[in-house]
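In the numbering used here, the protein residues as written are 7 to 186.
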């Protein structure tokens, strides 16, 4: 690992195992990695404050993590850290109703014009299905809805509740394609 100051640190076990080389570009990153490694690694990789080095890949880093994670359970200090981590996680995840409403509002109270910039005509808010010969987002969303409808094996004895796929386009497609 090369820290943000350019100093290289080598960490090696007694047995040979997976190898990964990373470079940290933010001096605050080690604290974040210690406090919440699973979250901090992903965020740091996405924002470029953690990069892979010496020809290694993210897959190499995950292999190293998995190899070492399995052997941690036998250490009393690790058991203590896990216990403290669980207690701190409860505090971190504290989300009273007012705060939850703020979070929902922050995500969903955005203008329709914003969503029209990157969604299809039906305003589908989920992934599309780009099969052979499909190149537009509109066609890919139609293909997705038809693909899902076929997998559901709908008949008149079934009811559908569409939550979270957009502005009702999936429900409309299901109503058109099946007696629901």
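Glycine included, every Cβ here is placed at the ideal spot set by N, Cα and C.
Rounded C-alpha distance that separates residue i from residue j
i           : j           : result
residue 9   : residue 58  : 12 Å
residue 62  : residue 166 : 47 Å
residue 13  : residue 109 : 40 Å
residue 153 : residue 68  : 33 Å
residue 79  : residue 142 : 49 Å
residue 147 : residue 157 : 15 Å
residue 181 : residue 115 : 28 Å
Helix, strand or coil at residue i according to DSSP, with G and I counted as helix
i           : result
residue 28  : strand
residue 129 : coil
residue 45  : helix
residue 14  : strand
residue 55  : coil
residue 104 : helix
Heavy atom of the ligand ZN within 6 Å of residue i beta-carbon
i          : result
residue 11 : Among the ligands in the structure shown, none appear at all, so the ligand ZN cannot be discussed.
Residues of its chain near residue i, where Cβ-Cβ distance is below 8 Å and the 5 sequence neighbours each way are ignored
i          : result
residue 36 : 9 and 30
Contacting residues, own chain, Cβ-Cβ under 6 Å from residue i (five flanking each side not counted)
i           : result
residue 132 : 171
Between the segment 171-179 and the segment 128-143, do at least 3 Cβ pairs fall closer than 8 Å? yes
Taking contact to mean at least 3 C-beta pairs separated by less than 8 Å, is the segment 87-105 in contact with the segment 115-126? no
Where are the alpha helix (DSSP H) runs, 4 residues long or more, that stay fully inside the segment 75-102, in chain order? 82-98
May I ask you to verify whether the segment 41-59 touches the segment 16-31, counting CB pairs closer than 8 Å and requiring at least 3? yes
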